[in-house]
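Below is one structure, written out as structure tokens; comments come after it.
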Amino acid sequence: MISIDGGHMSGAHIVAAARRQDRVTLTSEARARATRSYELADRVSRERRVYGRSTGVGANRDVVMPGSAAQSRSLLRSHATSAGQLRSPERVRAMLVVRLNQLAAGGSGSSPALLDALLDMIAADALPAIREHGSIGTGDLPALATTALALAGEAPTDEPMPSVFEFGAHDALSFISSNAATIGDAALACADLQVLGRACVVVAALTFSAVEGNPEAFAAAVERVTPFEGSRQVCRWMRSLTDSGATPARIQDPFGLRTFPQVHGPVFDSLSQLDAVIGGLANAPSENPVWLPSDDNPGELAHHGGFHAAYLATALDTSVSTVAQSASLVLSRLAILNEPSFTRLPAFLGDGTPGASGVMTLEYVAASALGEIRSAASPAASQSVVLSRGVEEHASFASMAARQLASTGPNLQMMLACELVAAVRALRLRHRSLVPGLADVMAAYSILSADTADRDLSPDIEMAETLLPQLAELL
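Using this note's numbering, the letters of the sequence shown map in sequence onto residues 5 to 479.
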């Protein structure tokens, strides 16, 4: 069960709600906080102009409006405009649970009944049809406006809604002023890459063992002089998975093995930072304007730019960059496994038949996937646009950055599967002894074919992909 209180949501909670559909509840303290924020918004909105309540939005911010339920409905209908493919159910669930927790933080000024309506939508798994495009990293307006219309009974859901919520004057802009969809996407992608990052360590250890790598590259001395936790952790893991007492075949290995802690470590550090940003934003009342009631004063209202997702976009772009760098070493290690001077086996780990291709094409498949990852590593946050008659002159494109990070997962998985197939073949052919942890891995991978004759290796790749999560669990 996930208890929504507006202050303690983590990326793991988002993933659990989206994928396992863990039960979600709302604390009484969260309801009370939302009520106080609503009462403050209701009072102050009668006393002064407030953006989106008694004015238009965007370039219409100076247009005085009456502030009514009809105005709210009009805003939602216009801002629901979107395009592209429909998002998966798990991505929509992630968005909903993030938005509920943000509302529970108590800064939106929305009706407390809106929180209960959203909670009912989550409980019923009544998911709105959310399309891919429309957000530029300054609020996921189309996704959340479509969700609002579904809550109001105007847009379809894949399961019946238990009830209909009537959006009042205080509810429309406050509901859509959020990056909840992008935060949810980021949480799912981050979780997937954390698993693949750990699996990558085990696959690299298999390759290391197959070619008699030099363990000095991740010795305790290297760990001590390394100032970054990600790299230090990779050193510790590699020592636990390999035989530090074995005689190495070389004084120095190629970078694919020798610099593995320094190149792969940043993946864990960047994902850790991304996870912290996800948690921060999932618990922050980022609505514009924000309403903060207080026991000591009349409360505060502030128009601000907290909807701008620059921190999230930067963390996402950084994570994509670190994944791309580590993925390059996967291809390097595949090249090592194909080279007789490292394996003391036939070229491409073939069966000895003259000209045998063996696992040659695994390198091409991996290179193709690497090309996709490198393409995704172009920083989304380096772009910007000027919109709404020039009054909104910057954008983070965090939503694009989240999609780019998510796209690296399947491609990295494909690359690791290729390396795994080649490493297992090399270890079998060399009859190498392994430390207990890796010996257990080899036993588990007995389902991979031992046939070294030239053949289609597509089924081997697919099988290896499904087994990667088991490798991650070893660490």
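Backbone N, C-alpha and C define an ideal beta-carbon position, used for all residues, glycine too.
Quick one: grab the DSSP three-state call for S453.
Walking along the sequence shown from the start, residue 453 turns up at place 449. The answer is coil: DSSP assigns S453 none of H, G, I, E or B.
Excluding the five sequence neighbours on either side, which residues of its own chain have a C-beta within less than 6 Å of the C-beta of A405, listed in chain order?
Position 401 of the sequence shown, counted from the start, is the residue given in the question as residue 405. Cβ neighbours of A405 beyond the five flanking positions: A317, L320, D321 and A384.
Taking just the CA atoms, how far does S41 sit from S112?
On the sequence shown, position 108 is the one that residue 112 refers to. On the sequence shown, position 37 is the one that residue 41 refers to. Using only the alpha carbons, I get a separation of about 7 Å.
Compare the C-alpha of R432 against each of L374, T456 and T29 and name the closest.
Within the sequence shown, residue 432 is the residue found at index 428, counting from 1. Cα-wise, what sits closest to R432 is T456.
Exposed or buried, which one is I282 when buried takes at least 16 other CB atoms within 10 Å?
Taking the first residue of the sequence shown as position 1, residue 282 is located at position 278. Burial call: buried.
Is the beta carbon of S330 closer than 8 Å to that of C239?
Counting from one through the sequence shown, the residue named residue 239 turns up at place 235. Counting from one through the sequence shown, the residue named residue 330 turns up at place 326. For C239 and S330, no; Cβs fall outside 8 Å.
Any idea which residues DSSP pairs I8 with across the strands?
In the sequence shown, counting from the first residue as 1, residue 8 sits at position 4. L30.
Between V363, I377, T412 and L472, which lies nearest to A454 when the distance is taken from Cα to Cα?
Here residue 454 is taken as the residue at index 450 of the sequence shown, counted from 1. Just measuring C-alpha positions, the residue of V363, I377, T412 and L472 sitting nearest A454 is V363.
Taking Cβ to Cβ, would you say D189 is nearer than 8 Å to S76?
Walking along the sequence shown from the start, residue 189 turns up at place 185. Walking along the sequence shown from the start, residue 76 turns up at place 72. Judged by beta-carbon spacing, S76 lies beyond the 8 Å limit of D189, meaning their Cβ atoms are not closer than that value.
Quick one, are the C-beta atoms of P258 and E216 less than 8 Å apart?
In the sequence shown, counting from the first residue as 1, residue 258 sits at position 254. In the sequence shown, counting from the first residue as 1, residue 216 sits at position 212. Against a cut-off of 8 Å, the Cβ pair of E216 and P258 comes out as no contact.
Under 8 Å, with one C-beta from each stretch per pair, do the region 212–229 and the region 43–54 reach the 3-pair mark?
no
On a CA-only basis, which of P350, E367 and Q106 is nearest G359? Give me that one, please.
Stepping through the sequence shown from its first residue, residue 359 is reached at position 355. That would be P350, whose Cα lies nearest to the Cα of G359.
How long is the line joining the alpha carbons of A214 and S323, rounded to whole angstroms?
In the sequence shown, counting from the first residue as 1, residue 214 sits at position 210. In the sequence shown, counting from the first residue as 1, residue 323 sits at position 319. Using only the alpha carbons, I get a separation of about 30 Å.
Counting only runs that start and end within the region 283–360, where is the beta strand (DSSP E) found for 3 or more residues in a row?
294–296 and 304–306
Is it true that the region 183–201 meets the region 89–101, where meeting means three or more beta-carbon pairs spaced less than 8 Å apart?
yes
Classify L118 as helix, strand or coil using the three-state DSSP reduction.
Here residue 118 refers to the residue found at position 114 of the sequence shown. L118 carries a helical assignment under DSSP once its states are collapsed to helix, strand and coil.
P132 (DSSP reduced to helix, strand or coil):
In the sequence shown, residue 132 corresponds to position 128, counting from 1. Under the three-state reduction of DSSP, P132 is assigned to strand.
The beta strand (DSSP E) spanning Q89 covers which residue range?
On the sequence shown, residue 89 is found 85 positions in, with the first residue counted as 1. Per DSSP, Q89 belongs to the beta strand (DSSP E) from A87 to L90.
Per DSSP, what are the beta-bridge partners of L391 in this structure?
Locating residue 391 in the sequence shown gives position 387, counting from the first residue. Paired residue(s): E396.
Name the one or two DSSP bridge partners that H137 has.
As a working note, residue 137 is residue 133 in the sequence shown. DSSP output for H137 lists A87 as bridge partner(s).
Here's the rule I'm using: 16 or more other beta-carbon atoms within 10 Å means buried, otherwise exposed. How should S290 be labelled?
For the purposes of this step, residue 290 is identified with residue 286 of the sequence shown, where counting begins at 1. Counting Cβ neighbours within 10 Å, S290 comes out buried, since at least 16 surround it.
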